[in-house]
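Worksheet for the structure shown next.
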């Protein structure tokens with residue numbers, strides 16, 4: 103479930119995943135934010151950054167839950183900023199549909215120095231939920247000035 107969405111055409115991968123020494127080009131950005139890479143020898147690979155991610159603590163929730171708790175993971179080795187202005191999506195068919203926000207979120211960034219931080223965002227009454235199914239929570243992170251992207255994780259809503 104961990105994903106990174108790319109903005110501004112900039113992308114970082116873990117050092118062990120870096121494309122080095124082999125001619126390669128990025129073909130596409132996958133739905134989950136990974137880069138689809140084609141190497142000169144013909145094989146393709148999907149690279150997903152693991153530097154910053156979120157992990158939703160409980161795999162299943164209900165529409166009645168007051169909030170969704172998650173862990174923000176910072177593997178950069180330095181401080182990052184995060185914006186706790188959540189966006190929720192529901193999987194419908196082959197696409198993700200954004201949920202309408204009922205509550206207003208200010209979008210102010212907070213600094214995080216540690217490797218993990220327990221956070222939560224309001225759920226019931228804050229978003230127009232759409233019944234049972236697969237949902238995704240997305241928040242914005244900024245590991246450095248001028249580089250901002252979304253990280254997300256999925257969860258299931260049951261009765």
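Numbering (this note's numbering), first residue to last: 103 to 261. Note that the Cβ used here is the ideal one computed from N, Cα and C, for glycine as well.
CB of residue 207 within 7 Å of CB of residue 222, strictly:
no
Any 3 or more C-beta pairs closer than 8 Å across the region 208 to 228 and the region 192 to 200
no
What's the call for residue 237, buried or exposed, on a 16-neighbour Cβ count within 10 Å?
A buried status is given to residue 237, since no fewer than 16 other beta-carbon atoms sit within 10 Å of its beta-carbon.
Range of the contiguous beta strand (DSSP E) that encloses residue 181:
Residue 181 -> no beta strand (DSSP E), and no H or E assigned at all.
Could you say if the region 172 to 180 and the region 153 to 162 meet the contact criterion of at least three C-beta pairs nearer than 8 Å?
Cβ pair count under 8 Å is three or more, so yes.
I'd like the list of long-range same chain contacts for residue 256, defined as Cβ closer than 7 Å, with 5 residues on each side in sequence excluded.
Apart from sequence neighbours up to five positions away, the residues of its chain that approach residue 256 with a beta-carbon distance below 7 Å are 103, 236, 237, 238, ordered along the chain.
Can you tell me whether residue 184 is buried or exposed, with buried defined as 16 or more other CB within 10 angstroms of its CB?
buried
Residues bridged to residue 242 (per DSSP):
185, 252
Drop a sphere of 10 angstroms on the beta-carbon of residue 259, count the other beta-carbons inside from all chains shown, and report buried for 16 or more, exposed for fewer.
buried
Residue 215 to residue 247 span [Cα, whole Å]
15 Å
When the Cα of residue 169 is compared with those of 252, 243, 227, which residue comes out closest?
227
May I have the straight-line CA-CA distance separating residue 232 from residue 250, to the nearest angstrom?
29 Å
Using the DSSP secondary-structure output, state which residues sit across from residue 259 in a beta bridge.
163, 235
Residue environment, residue 146, which counts as buried when at least 16 other CB atoms sit within 10 Å
exposed
When you compare the CB positions of residue 182 and residue 245, do they come within less than 7 Å of one another, or not?
Yes, the pair counts as a contact, with Cβ atoms nearer than the cut-off.
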